[in-house]
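A.B. asks:
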Amino acid sequence: MKDGVNGIALGVFIFFFLAVTVVGFMAARWRKAENEASLDEWGLGGRSFGTWVTWFLLGGDLYTAYTFVAVPAAIYAAGAAGFFAVPYTILVYPLIFTFLPRLWSVSHKHGYVTTSDFVRGRFGSKGLSLAVAVTGILATMPYIALQLVGIQAVLDVMGVGGGENTHWFIKDLPLLIAFAVLAAYTYSSGLRAPALIAFVKDGLIYLVIAVAIIYIPIKLGGFDDIFAAAREKFAGPPGGKPTGALAPGVDGQWGYATLALGSALALFMYPHSITATLSSRSRNVIRRNTTILPLYSLMLGLLALLGFMAIAAGVKVDNGQLAIPQLFEDMFPDWFAGVAFAAIGIGALVPAAIMSIAAANLFTRNIYKDFLKPDATPAQETRVSKLVSLLVKVGALAFVLTMDKTVAINFQLLGGIWILQTMPALVGGLFTRWFHRWALLAGWAVGMVYGTAAAYGVASPTQKHFGGSSKEIPGIGEIGYIGLTAFVLNIVVTVVLTFVLNAVNAPAGLDETSPEDYTADAGDPGVKTELPPATAGAPGGH
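In terms of numbering that gives the first Met the number 0, the sequence shown opens at residue 0 and continues consecutively.
So this is what it looks like as structure tokens:
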């Protein structure tokens, strides 16, 4: 690590940061609608985004600074086990092709803003809706915190904020400034801000990866030398234990497979994924996006290789999350290192904005309106959502500033375990009304309790509890992803109790949807469309 502040890299970083800040505030005037005081406008961008805007928004939403930093960091630390992120992003798109268009249709027909809105309408249960909303908010908080961790990693490598003995306020001041700017333009522009900034973010990331995957191997002597260096590192000292592997061993296959499958099932349960989806203007936009989003998986595979490159380049860091920023610092000219750092920093701002909006929408629609103020007007809903989006970011910032960074990462793994337990109610409800609302609530509770308790019992070298997301699968004896085990328990409890409750004719609740709602499209009678189609030449056309 170089001594002092890398002035050139910092200057480039600040230039791009200021540029996206201007874009974020300008977004409030982009495709402005007459009815601004509604969650459809502030929280879903008027439900008006076309194919390209939605593609960039979803890509900016799902491929975060955490992805950019943590996936290659996992490969830097342990080898190919970190590649689980590549197959899971390949698995996820055929899965969402089957259910996201149905969710879009029924949500537009009934004006649903969140997944909890749909669950309440489908099963006639505010209790089940509340469970889904609370789970979504809980799972999102540490995810937002990790975006701020990504910004902090970049700032640390650039030498901004002083050393370990610097007063905490001075050390964290750059992060506080970045947070304040993010909070301000999210508050003013809503979902339109990350939608526009996503173009800049993804363009920078593709540029940096294209350069890195060609330039760095040339400097390091080619991929043969890179893989040889990684193999040597993972073999460990002579006579010692291996520290990783270029390919998962037999013992790791269950863990690898269950983590990839469980992560794929969980990814589009997150509120921010659904928020980006519901902002699109038609169900065909969703279908097209599920066919072109795998381009990001190609990028992710190339990105993951940076972990091996960091080993070959001799990068030595105490915190693995700094490995890739440090690789860029060591290998690139200062000006291009600044571009790479800007890509990571902006890669944190886009998803953090969408996540805070999604969590705020859940609170407003499914806690504030359902339980505290049922007669809230659209303007009151929007005002509350804006305020809660600020509170969510403050909570995430407090998380980052007060907790050990490894804890933040493991809490995000816990978020994946939690959010997966909402899948039976959401995806099951999109295809069948057979599941009983009380059975779904009981299954959710069992999955949440088991998943949390099992994760609590996992230790790591740095902490006694919540040290990882894998544990022995009951009855099989193999190490696997806790979230998938909890999900299977959830399904079993839900199915068994549904048989019992249906047999005793327990009240099933009112279903306000009808079969044709699930295939409705823009322009069909009764389908809510808040904005007219974009005028010729406007951003976000077909």
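For every residue, glycine included, the Cβ atom is placed at its ideal position computed from N, Cα and C.
Quick one, are the C-beta atoms of S355 and I143 less than 9 Å apart?
C.D. replies: Cβ atoms of S355 and I143: closer than 9 Å.
A.B. asks: Going by DSSP, what residues sit across from S469 in a beta bridge?
C.D. replies: S469 pairs with Y480.
A.B. asks: Which residue from L440, V153, R230 puts its Cα closest to that of A79?
C.D. replies: Cα-wise, what sits closest to A79 is R230.
A.B. asks: Taking DSSP as the reference, what is the three-state secondary structure of S124?
C.D. replies: S124 falls in the coil class under three-state DSSP.
A.B. asks: Quick one, which of I7, P270, I323 has its alpha-carbon nearest T66's?
C.D. replies: Closest by alpha carbon: I323.
A.B. asks: Can you tell me where the alpha helix (DSSP H) holding R191 begins and where it ends?
C.D. replies: Element bounds for R191: 191 to 219.
A.B. asks: Rounding to the nearest angstrom, what Cα-Cα distance links I310 and I217 in this structure?
C.D. replies: Taking the straight line from one Cα to the other gives about 15 Å.
A.B. asks: CB-CB under 7 Å to V446, same chain, minus the five flanking residues each way: which ones, in chain order?
C.D. replies: The sequence shown places Gly at residue 446, not Val. If we look at G446 and ignore the five residues flanking it on each side, its Cβ neighbours are Q420, A485, F486, L488, N489.
A.B. asks: Ordered along the chain, which non-local residues of its own chain (more than five positions away) have a Cβ less than 8 Å from that of S459?
C.D. replies: Contacts found: T405, N409, G466, G467.
A.B. asks: Taking the C-alpha atoms as reference points, what is the distance between Y295 and A259?
C.D. replies: Spanning the two alpha carbons is a distance of roughly 16 Å.
A.B. asks: Is the segment 15 to 28 touching the segment 190 to 204, taking contact as three or more C-beta pairs under 8 Å?
C.D. replies: With a cut-off of 8 Å, the segment 190 to 204 and the segment 15 to 28 count as touching, because enough Cβ pairs lie within range.
A.B. asks: Cutting at 6 Å between CB atoms, please list the residues of its own chain near A336, excluding the five before and the five after it.
C.D. replies: Contacts found: A8, F327, E328.
A.B. asks: If L321 sits next to V426, beta carbons under 8 Å apart, how far is it from one beta carbon to the other, in whole angstroms?
C.D. replies: Wrong, their Cβ atoms sit about 38 Å apart, outside the cutoff.
A.B. asks: Buried or exposed for Y367, please, with buried defined as at least 16 other CB atoms from any protein chain shown within 10 angstroms of its CB.
C.D. replies: Looking at its Cβ environment, which holds 16 or more other Cβ atoms inside 10 Å, Y367 is buried.
A.B. asks: If I measure Cβ to Cβ from G300 and keep anything under 6 Å in the same chain, skipping five residues before and after, which residues do I get?
C.D. replies: Closer than 6 Å at the Cβ level, and outside the excluded window around G300, lie V85.
A.B. asks: So, at 6 Å on beta carbons, what are the nonlocal neighbours of I273 in its own chain, with the 5 sequence-adjacent residues on each side left out?
C.D. replies: Hits under 6 Å: T114.
A.B. asks: Straight-line CA distance for K200 to W433?
C.D. replies: The alpha-carbon atoms of K200 and W433 are separated by roughly 43 Å.
A.B. asks: Where does A265 sit, in a helix, a strand or coil, going by DSSP?
C.D. replies: Three-state result, A265: helix.
A.B. asks: Starting from the N-terminal side, write out each stretch of the beta strand (DSSP E) that is 3 residues or longer and does not extend beyond the segment 273 to 320.
C.D. replies: List check, beta strand (DSSP E) in window: nothing returned.
A.B. asks: Check for me: the alpha helix (DSSP H) holding H464 runs from which residue to which?
C.D. replies: It is not in any alpha helix (DSSP H) - H464 carries neither H nor E in the DSSP assignment.
A.B. asks: Out of A347, Y480, G189, state which residue places its alpha-carbon closest to the alpha-carbon of L386.
C.D. replies: Nearest C-alpha to L386: G189.
A.B. asks: Is it right to say P473 is buried, meaning 16 or more other beta carbons lie within 10 angstroms of its own, or is it exposed?
C.D. replies: Looking at its Cβ environment, which holds fewer than 16 other Cβ atoms inside 10 Å, P473 is exposed.
A.B. asks: Cα-Cα, which of R121, G110, I95, G10 is closest to A424?
C.D. replies: Ranking the options by Cα distance to A424, first place goes to R121.
A.B. asks: How long is the line joining the alpha carbons of A502 and W103, rounded to whole angstroms?
C.D. replies: Each residue's alpha carbon lies about 33 Å from the other.
A.B. asks: Is it buried or exposed, N288, if we count other Cβ atoms within 10 angstroms and call 16 or more buried?
C.D. replies: It counts as buried.
A.B. asks: Leaving aside the five residues before and after H541 along the sequence, list all residues of the same chain whose C-beta is less than 7 Å from its C-beta, in chain order.
C.D. replies: For H541, the predicted model reports a pLDDT of 31, less than 50, meaning its position is unreliable; a value from the coordinates is still stated below. Hits under 7 Å: G49, T50.
A.B. asks: How is G78 classed by DSSP in three states: helix, strand or coil?
C.D. replies: Reduced to three states, the DSSP call for G78 is strand.
A.B. asks: Tell me the rounded alpha-carbon separation between R101 and M268.
C.D. replies: Cα to Cα, the separation comes out at about 14 Å.
A.B. asks: In this structure, how does DSSP classify S459 when only helix, strand and coil are distinguished?
C.D. replies: Residue state, collapsed to three classes: strand.
A.B. asks: Verify whether the separation of the beta carbon atoms of L429 and Y517 is less than 9 Å.
C.D. replies: Yes, the Cβ-Cβ distance between L429 and Y517 is below 9 Å.
A.B. asks: Alpha carbons only, please: which of I285, G456, D369 is nearest the one belonging to L99?
C.D. replies: Of the candidates I285, G456, D369, the one whose C-alpha sits nearest the C-alpha of L99 is I285.
A.B. asks: Please return the same chain residues whose Cβ sits closer than 7 Å to the Cβ of V4, not counting the five positions on each side in sequence.
C.D. replies: So the list reads M157, G158, V159, once near-sequence residues are dropped.
A.B. asks: In angstroms, rounded to a whole number, what distance separates the CA positions of P538 and V52?
C.D. replies: In this predicted model, P538 has a pLDDT of only 36, less than 50, meaning its place in the structure is not dependable enough to derive any value.
A.B. asks: Kindly indicate which three-state DSSP category A244 falls into: helix, strand or coil?
C.D. replies: Of the three classes helix, strand and coil, the one that applies to A244 here is strand, per DSSP.
A.B. asks: With DSSP run on the structure shown, which of helix, strand or coil describes F434?
C.D. replies: F434 falls in the coil class under three-state DSSP.
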